[in-house]
Amino acid sequence: QKEVEQNSGPLSVPEGAIASLNCTYSDRGSQSFFWYRQYSGKSPELIMSIYSNGDKEDGRFTAQLNKASQYVSLLIRDSQPSDSATYLCAVIGNTDKLIFGTGTRLQVFP
Amino acid sequence: KAGVTQTPRYLIKTRGQQVTLSCSPISGHRSVSWYQQTPGQGLQFLFEYFSETQRNKGNFPGRFSGRQFSNSRSEMNVSTLELGDSALYLCASSLQEGYNEQFFGPGTRLTVL
Chain A
880 QKEVEQNSGP
890 LSVPEGAIAS
900 LNCTYSDRGS
910 QSFFWYRQYS
920 GKSPELIMSI
930 YSNGDKEDGR
940 FTAQLNKASQ
950 YVSLLIRDSQ
960 PSDSATYLCA
970 VIGNTDKLIF
980 GTGTRLQVFP
Chain B
2 KAGVTQTPRY
12 LIKTRGQQVT
22 LSCSPISGHR
32 SVSWYQQTPG
42 QGLQFLFEYF
52 SETQRNKGNF
62 PGRFSGRQFS
72 NSRSEMNVST
82 LELGDSALYL
92 CASSLQEGYN
102 EQFFGPGTRL
112 TVL
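For the protein sequence lines, the chains are A and B, in the order given. To get this note's numbering, take the position in the first sequence, counting from 1, and add 879. To get this note's numbering, take the position in the second sequence, counting from 1, and add 1.
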């Protein structure tokens with residue numbers, strides 16, 4: 880089992896729709912969770928961090944964490960073509976290392 | 002505030018050579034982490050430095066090494082390069098070690114021929 884798992888996609892959504900990106904992790908002791916966005920040919924850009932169960936909203940982005948289910952998700956409301964990128968889930972567990980999933984490619988079509 | 006900077010941005014080397022990559026963190030950030038990104042393996046953690054000390058290390062061979070200077074700038078070195086070392090090498094900085102948010106530099110694209 881991979882430490883951080885994501886569906887590779889592509890996830891295709893129409894402009895204006897809600898994009899839902901999911902991530903599961905194996906280390907039950909994980910305490911810190913992050914979502915990064917990576918455009919093709921660019922480095923990852925931090926868009927959300929979440930540390931406690933529940934929802935955290937920042938503009939059009941909402942991160943959701945459920946530690947009991949070892950599940951973290953990212954919702955993007957009113958998706959725009961400029962949101963088309965690979966979204967990386969990252970988790971810091973008991974090893975204190977930031978472990979990345981392989982990413983989900985999101986495509987937003989006009 | 003300036004972001005994380007990495008030099009050089011692109012590098013071409015041949016097998017057996019060694020290479021040194023440099024990273025300057027965001028001003029005030031004291032922790033620097035290094036990652037390797039390849040299409041097949043994704044982003045993999047190499048090591049983390051804080052206060053000139055290596056705090057954590059990933060599962061890479063001893064050919065990969067690094068250091069951090071008193072001004073928090075960091076270098077990583079890869080000796081005896083192999084074809085499989087071709088990758089994007091990313092540096093990330095954070096305020097402190099451990100659980101903090103990390104911010105990435107633009108990366109160094111290394112090609113080994």
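Yeah, the Cβ is synthetic: ideal placement off N, Cα and C, and Gly gets one too. Note that the coordinates shown come from a computational prediction; the quantities given were computed from them, not determined experimentally.
Would you grab the beta carbon distance between residue i and residue j for me? Rounded to a whole angstrom, and I think it's under 8 angstroms.
i: B/V20; j: B/K14; result: 5 angstroms
i: B/N57; j: A/K921; result: With a Cβ gap of about 25 angstroms, B/N57 and A/K921 do not count as contacting.
i: A/L1040; j: A/L953; result: With chain A covering 880 to 989 only, the question about residue 1040 of chain A has no answer from this structure.
i: B/T109; j: B/L44; result: That pair is no contact at about 14 angstroms.
i: A/T903; j: A/Q943; result: The Cβ separation is near 13 angstroms, so there is no contact.
i: A/K935; j: A/I926; result: Contact doesn't hold; Cβ gap of about 11 angstroms is too wide.
i: A/V883; j: A/F979; result: 6 angstroms
i: A/F912; j: A/V970; result: 6 angstroms
Below 7 angstroms CB to CB, which residues in the same chain sit around residue i once its five sequence neighbours on both sides are set aside?
i: A/G895; result: D957, S958
i: B/R64; result: V79, S80, T81
i: A/R939; result: I955, R956, D957
i: A/G908; result: G972, N973
i: B/Q37; result: Q45, L47, A88, Y90
i: B/S73; result: P26, H30, R31, V33
i: A/N932; result: L944, N945, K946
Any beta-carbon of chain A closer than 9 angstroms to the one on residue i?
i: B/G29; result: no
i: B/P62; result: no
i: B/A3; result: no
i: B/P9; result: no
i: B/N78; result: no
i: B/E49; result: yes
i: B/L12; result: no
i: B/A93; result: yes
i: B/R74; result: no
i: B/L114; result: no
i: B/L84; result: no
i: B/R56; result: yes
i: B/G67; result: no
Comparing the C-beta of residue i with each C-beta of chain B, is any distance below 9 angstroms?
i: A/L985; result: no
i: A/K935; result: no
i: A/Y915; result: yes
i: A/P923; result: yes
i: A/S928; result: yes
Whose C-beta lies closer than 8 angstroms to the C-beta of residue i among residues of the same chain, with five residues either side of it excluded?
i: A/Q917; result: P923, E924, A964, T965, Y966, L967, G982
i: B/G67; result: W35, L47, F48, Y50, Q55, S75, E76, M77, N78
i: B/G17; result: T81, L82
i: B/I27; result: K2, A3, G4, V5, S94, F104
Excluding the five sequence neighbours on either side, which residues of its own chain have a C-beta within less than 6 angstroms of the C-beta of residue i, listed in chain order?
i: B/G29; result: none
i: B/E53; result: Q69
i: B/L96; result: H30
i: B/L114; result: T15
i: B/T39; result: A88
Give a single yes or no on whether residue i has its beta carbon closer than 8 angstroms to a heavy atom of the ligand ATP.
i: A/S948; result: The ligand ATP is not part of this structure, which contains no ligands at all.
**Asked** What beta strand (DSSP E) runs, 3 residues minimum, are completely inside the stretch 919-985 of chain A?
**Response** List check, beta strand (DSSP E) in window: 924-929, 933-937, 940-945, 950-955, 964-971, 977-979.
**Prompt:** Taking any Cβ of chain B, which residues in the stretch 947-981 of chain A have a Cβ under 9 angstroms from it, in chain order?
**Reply:** L967, A969, I971, T974, D975, K976, L977, I978, F979, G980, T981
**Near-chain A residues of the stretch 18-45 of chain B (beta-carbon distance less than 9 angstroms), N- to C-terminal order** = S34, Y36, Q38, Q42, G43, L44, Q45
**Request:** Enumerate, from N- to C-terminal direction, the unbroken alpha helix (DSSP H) stretches of 4 or more residues contained entirely within the stretch 23-96 of chain B.
**Result:** none
**Chain-ordered residues of the stretch 96-110 of chain B with a beta carbon less than 7 angstroms from chain A** = G99, Y100, E102, Q103, F104, F105, G106, P107, G108
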